[in-house]
Amino acid sequence: MRKSFVKLALALGCALFGILSLTAFTGFAKNYDDEVQTWQMLSRRWDETLLQAREEEFIKAIKEQKGIEDFIVPDIAEEEKEVIRNFFRSFEGKKDIRYIYSKMPILHRVSGTDEYNDLRGIMELKFQVTERSNKVTEHTVLMKMAQLGDAQAQKWKIIGILWQDKGIDVSDVSLYQLEKPRRGEEVCIMTTDAGVIKLRLFPKKAPIAVQNWITLSKQGFYNGTPFARVIKDYVIQGGALDGSGDESKSSYNGFFQDEVNMELHNFNGALCLGNNGPHTNGNQFYIVQCSKVRNETSLPIISFPENVKAKYREVGGIPELDGRYTVLGQVYEGMDVVEKIASQETNQDDAPVSNPINIQSIRFQKY
């Protein structure tokens, strides 16, 4: 009888251990994907402030290699936790890791729990990693999140990783675009009805576009043509705009390819090619007239080198146009003329109401 009792106790113990093991690792872990959403919500400024503080703490924990268990939901399967640990473990031991941006674009309540544990969301997190070689890489990761806690405090914790990029090189770049021309450099002199605009060109970074600009200008293509589209605090635009039938006219007998370069940007005063989509450059052009970035909160979202972001804050421009349009030059004198052209009264199509300002001539000379 005694032996039978011992055998029964051992059997029950083994069974209980198995149940606990399954609970800890896989079998009875919670599947947050089974939850039912009951209320789609907007993230408040207060929510975003708390989220930022939480994610800054998270990045600091990675940097100091303190472990991230407090930032992971405790009741998911162990293998799911290990996926999260392994991803962020790869950033430990770097020269530096720095929080950049976080946002909760999707936020909702779920049923089946109390008010301290019923918020879920999808979070976008950006951070930068500096290697020992001083290369700076920006990483973006999307994560499923749960806010868990009690009446004293709630914390956002990671349920799982939905997506991550491979990292984008955002090391500082040379910013010669806004420098004055050097002696002997060929510059562009654009004479308009409103005055003279002087521009630098960048043939080493946008050789195809610059050659096209010089060739058409010397042929007199732009002489007598208007700035047909003007938007104050945005751009003034010339060349053959949509509908004229001459959009593809170029020195290459048709459209030519984009030349997008990380060292050239849509800063205030940039000379750029307009287009109708990728690789549809012809003779359309615009000059940026925007002395202040209109939505500075967009800068952390864009994967730019920090010195590019700083320059946008300093001189203005339109960062959202970068990566889509070829930058081939920069105004170094005559921005007051650009501003005068941009200040014309326009109709609903952004065309000057009367007497549009024309280009009289474009010539080139040594500085």
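With UniProt numbering as the guide, the letters of the sequence shown map in order to residues 1 to 367.
Built from N, CA and C at the ideal position, the CB exists for glycine as well.
Membership of T49 in the alpha helix (DSSP H) is indicated by the continuous run 45-63. Of the residues D70, Y252, Q348, the one whose Cα lies closest to the Cα of I84 is D70. Taking the Cα of Q360 as reference, the smallest distance to any Cα among N276, K309, H279, F221 is reached at F221.
DSSP places S217 in the uninterrupted alpha helix (DSSP H) bounded by 207-218. Contact between V110 and T38 holds: CB atoms are separated by about 6 Å, below the 8 Å threshold.
Assignment of beta-bridge partners to K157 by DSSP yields A146. A contact between stretches requires three or more CB pairs, one per stretch, nearer than 8 Å, and the stretch 116-123 fails this requirement with the stretch 82-98. Under the three-pair Cβ rule at 8 Å, the stretch 147-162 does not count as touching the stretch 172-184.
Boundaries of the alpha helix (DSSP H) harbouring A342: 335-342, taken from the DSSP string. Exclusion of the five residues before and after I236 leaves F227, R229, V230, Y286, I287, Q289, V338, I341, A342 as the residues of its chain whose Cβ lies within less than 8 Å of its Cβ. With contacts defined as CB atoms closer than 8 Å, N261 and K205 qualify as a contacting pair. Note on W163: under 16 other CB atoms within 10 angstroms of its CB, so exposed under the neighbour-count rule.
For the 8 Å CB-CB criterion, E259 and G282 do not form a contact. By the criterion of a C-beta distance shorter than 7 Å, E92 is surrounded in its chain by I62, Q65, once the five residues flanking it on both sides are discounted. When the beta-carbon positions are compared, I76 and A29 come within less than 8 Å of each other. Beta-bridge analysis with DSSP links A270 to Q330.
Here Y325 is buried: its Cβ has 16 or more other Cβ atoms, across all protein chains shown, within 10 Å. In this structure, DSSP gives K311 a helical state, which the three-state scheme calls helix. Judged by their CB atoms, N275 and G317 are not nearer to each other than the 8 Å cut-off.
By DSSP's assignment, K180 forms no beta bridge with any residue. Distance from the Cα of G167 is smallest, within the candidate group I72, T140, P181, for T140.
A distance below 6 Å between beta-carbons, with the five flanking residues on each side excluded, links T215 to the following residues of its chain, in chain order: S251. Proximity to I362 across G238, Q52, R294 peaks at G238, based on C-alpha coordinates.
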